[in-house]
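Colleague: In my numbering, the protein residues as written are 3 to 80.
The C-beta atom is built at its ideal place from N, Cα and C for all residues, glycine as well.
Just so we're clear, the structure is a prediction, and the values are computed from it rather than from any experiment.
To start, I am sharing the structure in question, which I have written as structure tokens.
Given below as structure tokens:
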């Protein structure tokens, strides 16, 4: 019974850790939509902001990858 309860806790914890992946997806969407809104307002400045777009997307996606890693560690470690 104790082993099943610990397994249940691992799976619940892993499921809760994956909430961060949804947050990262919303963050990437916000970065991209803000860039698109700014590019449509001032198309001449859009070319200078693409590097910042990719940096913002990379940072937001890194948080999703970290939460995925935590979920995998909770499920398969120890």
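Is the stretch 58-68 close to the stretch 28-38, with three or more CB pairs under 8 Å?
Modeller: Taking 8 Å as the limit for Cβ pairs, the verdict is that the stretch 28-38 does touch the stretch 58-68.
Colleague: State the Cα-Cα distance for the pair residue 4 and residue 53, rounded to the nearest angstrom.
Modeller: If I take the Cα positions, the gap works out to 52 Å.
Colleague: Under 8 Å between the Cβ atoms of residue 16 and residue 73?
Modeller: Cβ atoms of residue 16 and residue 73: closer than 8 Å.
Colleague: Just to confirm the assignment, what range does the alpha helix (DSSP H) spanning residue 77 have?
Modeller: Note, residue 77: alpha helix (DSSP H), 48-78.
Colleague: With respect to the alpha helix (DSSP H) encompassing residue 23, which residues constitute its N-terminal and C-terminal limits?
Modeller: Per DSSP, residue 23 belongs to the alpha helix (DSSP H) from 21-43.
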